[in-house]
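Asks: I am attaching a structure below and will ask some questions about it afterwards.
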Amino acid sequence: MIKRDVIVIGAGAAGLFCAAQAGARGRSVEVLDHAKKVGRKILMSGGGRCNFTNMYAEPANFLSQNPHFCKSALSRYTQWDFIALVAEHGIAYHEKTLGQLFCDDSAKDIVDLLLKECSKAHVTVTTRCEILSVEKCESGYLLSTSNGDYQCESLVVATGGLSMPKLGATPFGYKIAQQFGLNVLPTRAALVPFTLHEKDKATLAELSGIAVDVYASCNDTTFKEAMLFTHRGLSGPAMLQISSYWEAGDTLSINTLPNDDSHELLETARTSTPDALLATCLNKVFPKRMVQSFIDYHQWRNVPVKQLTHGECDAIANTLENWPVKPNGTEGYRTAEVTIGGVDTNELSSKTMMAKNVEGLYFIGEVVDVTGWLGGFNFQWAWSSGWAAGQVV
Ligand code: FDA
């Protein structure tokens, strides 16, 4: 029987960071992970450069059934704390856009940072370890694993969400929560591209590879970012962001002209270039390859703009500003960056992440019902929640 003060299940962002914090307090800590390698999502993240936090992170950037839950951890371990740690490790980084901080070199720098912090704190990290069962005992928890039996006082579950099963994602954390009587909220893929119905896909697939700035709105939330047409449907940051607010059956509203007034654009064209075709007028504001397909898709008349009736102009302008798109679905967990839902925050202390009714059992990171926007927010939640638990386990 291997005895530890703290066992952390999951050697991802939250688990490694929490382990290092607890180890630094003098606790004996072991992290167990079933994967061959630690931090696989970190290595894949940000196109290999890891968008490790966001300068403007605040509670409003997170979705949760209880939007107040994340406030305590985010305010006690902030983006500035993690940025200072990154700087302390001599990792060069830059802001790409909208406060998103990326490593200049490689996401591996962040995994190395976590492993160095764990090593400094005498944390043992064990990979290829299957957790076979978890039981509560008088002094804490008993774990049966492919690496032998463990006993610990505090058990931290940091097994993440369901996105990207190829990278080792499993529902383990939700199952442990349910085993100990905690409520788990329904989960769904988020930060994920949309798929389209066959009819839309057939026409819009021609636009594959084109990116345009849009306002994407759904359920009272709007993001202004780029939208990318793909062979399967719609992607790009605007679509990933709004996917977190979309539920099956909802219609998106896409303003394809976020920087122009579409009514004014057509009115001006009618007076200043009345003989120009509609396509010529739209070429001024959209990529050329997009215009003809868009005209065909919406069945607009590509005639000199003076021949369009006021009603037609209004309809075109309205569609440019509010193109209703009803996705068929999303690409699901296969390509989603995160999972919405998970361990109900009502079951946890927002200060310590411990289950309110199960002494010594903690949940941190993505397994909890706290989901960040695209842009480094999800890692910030992993650091902040991992830090909070790391102070007390
Ligand atoms: P994480 O998923 O990191 O770690 C969970 C660990 O638990 C894994 O090591 C897994 O192997 C292990 N595990 C699972 N089941 C287990 C079991 N049954 N037994 C033992 N171990 C088990 N976020 C962001 O802020 N900026 C970004 O740039 C990106 N980019 C990005 C790209 C891609 C491709 C993905 C899929 C995701 C992102 N994200 C992101 C999201 C971010 O990666 C994610 O929110 C965090 O990694 C969550 O950290 P956790 O530690 O909670 O889980």
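For the sequence shown, position 206 matches number 205 in numbering that gives the first Met the number 0, and the numbering has no gaps at all.
Cβ atoms here follow ideal geometry from the backbone N, Cα and C, with glycine treated the same way.
Note that the coordinates shown come from a computational prediction; the quantities given were computed from them, not determined experimentally.
1) Whole-angstrom Cβ separation of V30 and L15, contact assumed at under 8 Å?
2) Excluding five sequence neighbours on each side, which residues of the same chain lie with their C-beta closer than 6 Å to the C-beta of V28?
3) Helix or strand or just coil, what does DSSP make of G208?
4) Does at least one heavy atom of ligand 1 sit under 8 Å from the Cβ of N60?
5) For S252, which of helix, strand or coil comes out of DSSP?
6) Where do the N-terminal and C-terminal ends of the alpha helix (DSSP H) with W386 fall, by residue?
7) To the nearest angstrom, how far is the alpha carbon of K135 from that of L141?
8) At a cut-off of 8 Å, is R39 close to ligand 1 when judged by its beta-carbon and the heavy atoms of the ligand?
9) What does a CB cutoff of less than 7 Å around I90 pick up in its chain, not counting 5 residues either side in sequence?
10) Within 10 Å of its beta-carbon, does D59 have 16 or more other beta-carbons around it, so buried, or fewer, so exposed?
11) Can you pull the DSSP bridge partners for E224?
12) Of all the options K223, L184, W299 and A247, which has the alpha carbon lying nearest to the alpha carbon of Q240?
13) So, with DSSP's three-state summary, where would you put E246?
14) Of all the options S118, I315, K2 and Q379, which has the alpha carbon lying nearest to the alpha carbon of S138?
15) May I ask whether a heavy atom of ligand 1 can be found less than 8 Å away from the beta carbon of E224?
16) With a threshold of 6 Å on Cβ separation, who are the neighbours of C312 within its own chain once the five nearest residues in sequence on each side are excluded?
17) For Q379, does the count of other Cβ atoms within 10 angstroms reach 16, so buried, or fall short, so exposed?
18) Span of the alpha helix (DSSP H) holding S74?
19) To the nearest angstrom, report how far apart F376 and V337 are at their CA atoms.
20) If you follow the alpha helix (DSSP H) that V110 is in, where does it begin and where does it stop?
21) Less than 8 Å between the CB atoms is what I'm expecting for L100 and S383, so what's the real figure, rounded?
22) Let me check understanding here. Comparing Cα to Cα, which of T202, W299, L319 and I294 lies closest to P257?
23) Mapping DSSP to helix, strand and coil, what is H262?
24) In whole angstroms, what is the alpha-carbon distance linking R26 and Y361?
25) I'd like to check one pair, T370 with P412: are the Cβ atoms closer than 9 Å?
26) For the alpha helix (DSSP H) that contains V85, what are its first and last residues?
27) Relative to ligand 3, is the shortest distance from any of its heavy atoms to the C-beta of T158 smaller than 8 Å?
28) Measure from the alpha carbon of N321 to the alpha carbon of each residue in A268, Y214, V284 and A381, then state which is nearest.
29) Where V324 and T250 are concerned, what is the direct C-alpha to C-alpha distance, given to the nearest angstrom?
30) Please indicate yes or no: does the CB of H33 lie closer than 8 Å to some heavy atom of ligand 1?
31) What did DSSP end up calling P273 once you bin it into helix, strand or coil?
32) Can you name the start and end residues of the beta strand (DSSP E) that G139 belongs to?
33) Could you tell me which uninterrupted beta strand (DSSP E) segments, each at least 3 residues in length, are contained entirely in the region 284 to 372, listed from first to last along the chain?
34) Compare the beta carbon distance of G359 and G385 with 9 Å and say whether it is the shorter of the two.
35) So, is S242 buried or exposed, given that buried needs 16 or more other C-beta atoms within 10 angstroms?
36) Kindly indicate the opening and closing residues of the beta strand (DSSP E) around E168.
Replies: Working from what's here:
1) Right, their Cβ atoms sit about 6 Å apart.
2) Cβ contact annotation for V28 (same chain, cutoff 6 Å, sequence separation greater than five): V5, A18, A21, G22 and V122, in chain order.
3) Residue state, collapsed to three classes: coil.
4) For ligand 1, not one heavy atom lies less than 8 Å from the Cβ of N60.
5) DSSP places S252 in strand when its eight states are reduced to three.
6) For W386, the uninterrupted alpha helix (DSSP H) segment begins and ends at F376 to G389.
7) Taking the straight line from one Cα to the other gives about 6 Å.
8) Residue side-chain check: R39 places its Cβ nearer than 8 Å to a non-hydrogen atom of ligand 1.
9) C102, D108 and L112, listed in sequence order.
10) It is worth fixing the name first, because residue 59 is Ala in this sequence and not Asp. Looking at its Cβ environment, which holds fewer than 16 other Cβ atoms inside 10 Å, A59 is exposed.
11) V213, per the DSSP bridge assignment.
12) Ranking the options by Cα distance to Q240, first place goes to K223.
13) Residue state, collapsed to three classes: coil.
14) Residue K2 is the option with its Cα nearest to S138.
15) Incorrect: E224 has no Cβ contact closer than 8 Å to ligand 1.
16) Counting only Cβ-Cβ distances below 6 Å, and skipping sequence neighbours, we find L265.
17) The residue is buried, with at least 16 neighbouring Cβ atoms inside 10 Å.
18) Taken as a continuous stretch (DSSP letters only), the alpha helix (DSSP H) holding S74 covers K70 to R75.
19) Each residue's CA atom was taken as its position, placing F376 and V337 some 11 Å apart.
20) In this chain, the alpha helix (DSSP H) harbouring V110 covers K107 to K119.
21) Not quite, the Cβ-Cβ distance comes to about 15 Å (not below 8 Å), so this is no contact.
22) When C-alpha distances from P257 are compared across T202, W299, L319 and I294, the shortest belongs to L319.
23) Reduced to three states, the DSSP call for H262 is helix.
24) Between the alpha carbons of R26 and Y361 lies a distance of about 16 Å.
25) Because the chain here runs from 0 to 392, residue 412 falls outside it and cannot be looked at.
26) For V85, the uninterrupted alpha helix (DSSP H) run begins and ends at Q78 to E87, by DSSP.
27) This structure lacks ligand 3; the ligands present are ligand 1.
28) When each option's Cα is compared against that of N321, the closest is Y214.
29) It is roughly 6 Å from the alpha-carbon of V324 to the alpha-carbon of T250.
30) At least one heavy atom of ligand 1 is nearer than 8 Å to the Cβ of H33, so yes.
31) Coil at P273, not helix or strand.
32) If you look at G139, you'll find it in the beta strand (DSSP E) that goes G139 to T144.
33) Correct list: 322 to 324, 337 to 342 and 360 to 362.
34) Their beta carbons are not under 9 Å apart, which means G359 does not touch G385 by this criterion.
35) Of the other Cβ atoms in all chains shown, 16 or more fall within 10 Å of the Cβ of S242; this residue is therefore buried.
36) The identity of residue 168 in the sequence shown is Ala, whereas the question assumes Glu. Segment: none, A168 is in no beta strand (DSSP E) and carries neither H nor E.
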